[in-house]
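Heads up: the structure comes next, in C-alpha cells.
Below, the structure written as C-alpha cells:
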C-alpha cells in the first residue's frame, strides 16, 4: 500500500472523465505513474483498455482558461489542506495568477454571505 493519498472520486474523475494518463496524474501530484496505477488498483477503479488509452490521446483538448465548478471544488479541498498557491497551481496545471484570482473571488463571495 502506498503513502500517496487521493480520494477515489478525484482519481476516478481525473483518470476517466478528464481522460488523463497515469503519467499525467502522477506528474500533477509529484508521484510516479506506477504509484497512480497502484492507487487505481487499491481503490478498485477500472483501468482503461489499450484502445481507450490510444483514443484518449486524440480527444478534446481542455480549455486551460475555462474554470469549472469541479475546479472550484478541487481548489477548496487543496486550500483546506493548506497547500500553497504554488503547489495548487502545479497540481491543477493552472497559472498562479489564475489560482490567486479565483481565491480572491471566492473569499469576497464568502465575505458577502456573512
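Residue numbers (the working numbering): 1177 to 1290. Think of the CB as a built atom: it goes at the ideal place given N, C-alpha and C, for glycine as much as any other residue. Computed from a predicted structure; not experimentally measured.
Residue i classed as buried or exposed, judged by whether at least 16 other C-beta atoms fall within 10 angstroms
i: residue 1235; result: In this prediction, residue 1235 scores a pLDDT of 43, lower than 50, which makes its location untrustworthy; no coordinate-derived value is stated.
i: residue 1199; result: exposed
i: residue 1264; result: buried
i: residue 1202; result: buried
i: residue 1275; result: buried
i: residue 1216; result: buried
i: residue 1187; result: buried
i: residue 1196; result: buried
Extent of the continuous alpha helix (DSSP H) to which residue i belongs
i: residue 1213; result: 1209-1218
i: residue 1267; result: 1261-1268
Taking three-plus beta-carbon pairs below 8 angstroms as touching, is the stretch 1206-1221 in contact with the stretch 1245-1259? no
Quick one: which unbroken alpha helix (DSSP H) runs of 4-plus residues sit fully inside the stretch 1178-1211? Chain order, please. 1184-1188, 1198-1205
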